[in-house]
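The listed protein sequences correspond, in order, to chains A and F. Take the first sequence: its position 238, counted from the start at 1, is 226 in this note's numbering, and no numbers get skipped. Quick note, this note's numbering runs 36 ahead of the 1-based positions in the second sequence. Positions of the beta carbon are idealized from the N, C-alpha and C atoms, including for glycine.
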Amino acid sequence: MSRFLLRRLPQALIVLFGVVTLAFLMTHVVPGDPARLIAGPNASAATVASIHHELGLDRSLGYQYWTYLRQAVQGDLGTSYALQGTSVASAIGHALPVSAAVAVLGVLWEVLLGVPIGIIAAYRPRGLLDRATTFGSLIGLSAPPFWLGLLLLYALAYKSSVFPLSGYSNPYINYLILPSFTLGLGGAAWYARLTRTNMLEALRSPYVQTARAKGMPESVILLRHCLRNVLSPLLTMLGMDLGYFLGGVVVIESVFGLPGVGKLTFDAIGTLDIPMITGAVLFAALFIVVMNLLVDLAYAAIDPRVRR
Amino acid sequence: MTALLEVDDLTVGFERDGTRSAAVRGVSFEVAAGERVGIVGESGSGKSVTAQAVMRLLPLSAEVGGAVRFAGDDVLGYDAKRLAGWRGSDIAMVFQDPMSSLNPLLRIGTQLTEGLRRHRGLSKPAAREEAARLLRTVGIADAERRLRDYPHSFSGGMRQRVCIAIAAACTPKLIIADEPTTALDVTVQAQVLDLMDELTDRHGTATVLISHDLGVVSSFCDRILIMYAGRVVEAGPADDIIARPAHPYTRALLDSIPRLHGELPRRLPAIPGSPPFGTVPADRCSFADRCPRVQDVCRTNDPALEPTATGRPAACFFPLDSVPVEVR
């Protein structure tokens, strides 16, 4: 296990390095001047120049990159341009719990809805439930999340105030259910399809014949013999989703007015808040890399053949 | 003595893309309690499909006709619950490929005990103890520890031993072994057959051994069915069939077994052509195109399984006469 980690950690670091470099370059190359945005349209050239100097933007790109890297390694991601005096790390740190809650609940919805539906669909392929699932998952896959979110808001928060409309305060769970459900529904459709396909494939394997010949009822065959073999591919998706969601889901957080990392990133792009954008991208990449590592470790836990 | 297993005019058809193909075309045979019956034929002769039809393991898309009776009960009429109670306890099966017929993600112990717990109602510790005993019986050392292992840490021969242990776990009355040695190294084939011989002998278990290897079957079985293109073309006691085959196909199968003594042919005789796949024409002998004794009538009529001069039934218009062939 430790040897596995030892092999994978350098790879992860290289990926992160690449992401930082790309994010840094892209935010600096993109047209638009953050100093001009900060100073306002009527500011004099001298004011803009002094802001440039203050932010270090008058230095060479190479120097700025090197400084950023050196500080990032020490955990200092710089200070936000837009939120004066707030460090990027603390801004993300404040937004993270919100995104994490949405992400975890969203993945839960995906799994809790998708996997059982997939199993049921595979139990009687081409049966009524299977067809209904195929149709339903098509809708789940095709519906854009912002539209679905608005629809849910309209029905469950505006027309009947089961859930609050927007924002984030105590009790937090009330503010999380709709966004996480919206987030999870599209994924649940994927999970249902993937579970169904893998389940049907597993049901065709010889070990299922053995289990049948042993006199195992279908329920045991599905849940004990097949589900495990179906879980591995699901796990990859689950890890990727969680990592992806943790980085902040821009659309969902914007629609539901949640102060998460996605909203933070969205606002930062609007104000060309370069340190904030780079920091958010770095964080998002970090989550995906970490989740991938965890998925690989979980593989080893599920499938004994991977352990060696 | 009433038969343990009766298969009566069994037919199996598959429909794929609108075309029907008959895999089994009217197979009948019986297996008495404790008897060993071999089913021999090339790939595609319908021998495995016959076994799967008996075990009710065919996909729902297969059309099964005829009757299968086990101890007088109509197997084809079993509901799911009855089927699950019957399989594993009264009848069991050993499959061809031990590499894939064990679940890679479940411990050997789980795969061995689940049948014991379900059919014999054993408690968890009792089932583990019994499973360890079974593993020792099939010649696996350090049984208690190996119960915690996964299939990938067993060799092919060892896995097939595990599969045999699983099949024999609840001392069924009949074990169907579908090419149990085909996927194994030659050196372990004999060991696995010996093991099956010993286990079935000890409990008086009836066995149906399916193989394409007439040599393997003849040493193990009391009686042999020769199958070709979904039909039984010859049936009878193993020794008689080996000594005096009636059907030209049986003869050809015997000739294609390598010999170690006597006058050796320069090349091992093979049967020219290949067996028919898919739809088999009903108005001619299915072996006619490959048969050295073929006559015009073979291409216009389909011979029925009828008694021949050898005293055994064979589906041939021109069966070989009763002159014994040289015994190996």
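For a test of the three-state rule: what should DSSP assign to F/M135, helix, strand or coil? Position 99 of the second sequence, counted from the first residue, corresponds to residue 135 of chain F. Coil.
Short CB-CB distance (under 8 Å) between A/T185 and chain F: Locating residue 185 of chain A in the first sequence gives position 197, counting from the first residue. Taking Cβ atoms only, chain F never reaches closer than 8 Å to A/T185, which makes this a no.
Proximity winner among F/A201, F/A271, F/R181, relative to F/G151 (alpha-carbon distances): Along the second sequence, one-based indexing puts residue 151 of chain F at 115. If you compare the alpha carbons of F/A201, F/A271, F/R181 with that of F/G151, the shortest gap goes to F/A201.
Kindly say whether F/L141, judged by its beta-carbon, lies nearer than 8 Å to any beta-carbon of chain A. The residue given as residue 141 of chain F occupies position 105 in the second sequence. By this cut-off, F/L141 is an interface position.
Starting from F/E166, find everything on chain A with Cβ-Cβ shorter than 7 Å and list it in chain order. For this step, residue 166 of chain F is matched to residue 130 along the second sequence. What F/E166 touches in chain A, judged by beta-carbon distance under 7 Å, is nothing: the nearest beta carbon there is about 15 Å away.
Expressed to the nearest angstrom, what Euclidean distance is found between the alpha-carbon atoms of F/R280 and F/T173? On the second sequence, residue 280 of chain F is found 244 positions in, with the first residue counted as 1. On the second sequence, residue 173 of chain F is found 137 positions in, with the first residue counted as 1. Answer to the nearest angstrom: the Cα atoms are 38 Å apart.
Pairwise C-alpha distance: A/L129 and A/G245: Position 257 of the first sequence, counting from 1, holds the residue named residue 245 of chain A. Position 141 of the first sequence, counting from 1, holds the residue named residue 129 of chain A. CA-to-CA, the gap between A/G245 and A/L129 works out to about 23 Å.
Residues bridged to F/S247 [DSSP beta-bridge criterion]: Reading the second sequence from its first residue, position 211 is the one you call residue 247 of chain F. Checking the DSSP bridge columns, you'll see F/S247 partnered with F/V76.
Closer than 8 Å, Cβ to any Cβ of chain F: which residues of the segment 194 to 219 of chain A, in chain order? Hits within the stretch, in order: P194, Y195, Q197, T198, A199, R200, A201, K202, G203, M204, P205, E206, V208, R212, H213, R216, N217.
To test your reading of the DSSP string, which unbroken beta strand (DSSP E) runs of 3 or more residues are found completely within the segment 156 to 234 of chain F? Listed in chain order, the beta strand (DSSP E) runs fully inside the segment 156 to 234 of chain F are 210 to 214, counting runs of at least 3 residues.
Does the distance from the CB of F/A324 to the CB of F/V316 come in under 8 Å? As a position in the second sequence, residue 324 of chain F is number 288, starting the count at 1. As a position in the second sequence, residue 316 of chain F is number 280, starting the count at 1. No. Outside cutoff.
Closer than 8 Å, Cβ to any Cβ of chain F: which residues of the segment 277 to 291 of chain A, in chain order? If the cut-off is 8 Å between Cβ atoms, the segment 277 to 291 of chain A has I290, D291 near chain F.
Assuming the contact rule is C-beta atoms closer than 8 Å, F/V104 and F/A89 should be a hit. Round their C-beta distance to whole Å, please. Counting from 1 along the second sequence, the entry for residue 104 of chain F is found at position 68. Counting from 1 along the second sequence, the entry for residue 89 of chain F is found at position 53. Going by Cβ atoms, the distance from F/V104 to F/A89 rounds to 7 Å, so yes, they are a contact pair.
Candidates A/T67, A/G258, A/A33, A/E241: closest to A/Y156 by CA position: Translated into positions along the first sequence, residue 156 of chain A becomes position 168. Nearest option by C-alpha distance: A/E241.
With distances taken Cα to Cα, identify the nearest neighbour of F/S84 among F/H248, F/L112, F/C327. Against the second sequence, residue 84 of chain F aligns to sequence position 48. Closest option to F/S84, Cα to Cα, is F/H248.
Report yes or no: is there a C-beta of chain A within less than 8 Å of the C-beta of F/M91? Here residue 91 of chain F refers to the residue found at position 55 when the second sequence is read from its first residue. Chain A, which has a Cβ nearer than 8 Å to the Cβ of F/M91, makes this yes.
Mapping the DSSP letters down to three states, classify F/F323 as helix, strand or coil. Sequence index remark: in the second sequence, residue 323 of chain F carries index 287 (1-based). Of the three classes helix, strand and coil, the one that applies to F/F323 here is coil, per DSSP.
Cutting at 6 Å between CB atoms, please list the residues of its own chain near F/P355, excluding the five before and the five after it. Looking up residue 355 of chain F in the second sequence gives position 319. Setting aside the 5 residues that flank it on each side, F/P355 is surrounded in the same chain by A282, T344, each with a C-beta closer than 6 Å to its C-beta; the list follows chain order.
Since A/Q197 and F/F131 are thought to touch, with beta carbons under 8 Å apart, how far apart are those beta carbons, to the nearest angstrom? Here residue 197 of chain A is taken as the residue at index 209 of the first sequence, counted from 1. Here residue 131 of chain F is taken as the residue at index 95 of the second sequence, counted from 1. Confirmed, Cβ separation roughly 6 Å.
Can you tell me where the beta strand (DSSP E) with A/R114 in it begins and where it stops? Your numbering for residue 114 of chain A matches position 126 in the first sequence. Per DSSP, A/R114 lies in no beta strand (DSSP E) and is assigned neither H nor E.
Within-8 Å CB hit, A/R114 to chain F: As a first step, residue 114 of chain A is located in the first sequence; it is residue number 126 there, counting from the start. No Cβ of chain F is located within less than 8 Å of the beta carbon of A/R114.
Chain A within 8 Å of F/D275, Cβ atoms only: Here residue 275 of chain F refers to the residue found at position 239 of the second sequence. It does not; no Cβ of chain A falls within 8 Å.
Should F/Y114 be flagged as near chain A, meaning a C-beta pair shorter than 8 Å? Counted from its first residue, the second sequence places residue 114 of chain F at position 78. The beta-carbon of F/Y114 is placed no less than 8 Å from the nearest beta-carbon of chain A.
Please classify F/P360 as buried or exposed, where buried requires at least 16 other C-beta atoms within 10 Å of its C-beta. The residue you call residue 360 of chain F lines up with position 324 of the second sequence. With a pLDDT of 49 at F/P360, under the threshold of 50, the modelled position of this residue cannot be trusted; read the value that follows with caution. The residue is exposed, with fewer than 16 neighbouring Cβ atoms inside 10 Å.
Member of A/S125, A/V90, A/F5 whose CA lies at the smallest distance from the CA of A/I105: By one-based count along the first sequence, residue 105 of chain A stands at place 117. It is A/S125 whose Cα lies nearest to the Cα of A/I105.
Using a Cβ-Cβ cut-off of 7 Å (strictly less than) and excluding sequence neighbours within five positions of F/Q147, which residues of its own chain qualify? As a working mapping, residue 147 of chain F is identified with position 111 in the second sequence. Result list for F/Q147: L138, N139, I202, in chain order.
Using a cut-off of 7 Å between C-beta atoms, extract the partners of A/R293 located in chain F. Numbered from its first residue, the first sequence carries residue 293 of chain A at position 305. In chain order: P140, H188.
A/M14: buried (16+ other C-beta within 10 angstroms of its C-beta) or exposed? Walking along the first sequence from the start, residue 14 of chain A turns up at place 26. So A/M14 ends up on the exposed side.
Does the beta-carbon of F/K1 have 16 or more other beta-carbons within 10 angstroms, so that it is buried, or is it exposed? Nothing about residue 1 of chain F can be read from this structure; chain F reaches only from 37 to 364.
Along the segment 234 to 248 of chain F, what residues have a CB closer than 9 Å to any CB found in chain A? Per Cβ criterion, the list is empty.
Residue nearest to F/R181 in terms of C-alpha spacing, selected from F/T149, F/G145, F/C199, F/L158: Locating residue 181 of chain F in the second sequence gives position 145, counting from the first residue. Cα-wise, what sits closest to F/R181 is F/G145.
Ordered along the chain, which non-local residues of its own chain (more than five positions away) have a Cβ less than 7 Å from that of F/R364? Residue mapping note: residue 364 of chain F aligns to position 328 of the second sequence, counting from 1. With a pLDDT of 42 at F/R364, under the threshold of 50, the modelled position of this residue cannot be trusted; read the value that follows with caution. Correct list, in chain order: R295.
Beta-carbon spacing of F/P349, F/A271 below 8 Å: Locating residue 349 of chain F in the second sequence gives position 313, counting from the first residue. Locating residue 271 of chain F in the second sequence gives position 235, counting from the first residue. The beta carbons of F/P349 and F/A271 sit closer together than 8 Å.
Cα separation between F/S371 and A/I2? The structure shown has nothing for residue 371 of chain F, since chain F only spans 37 to 364.
Run through chain A and tell me which residues come within less than 8 Å of F/M194, C-beta to C-beta. Counting from 1 along the second sequence, the entry for residue 194 of chain F is found at position 158. Those within 8 Å of F/M194 in chain A number zero; the least Cβ separation is about 16 Å.
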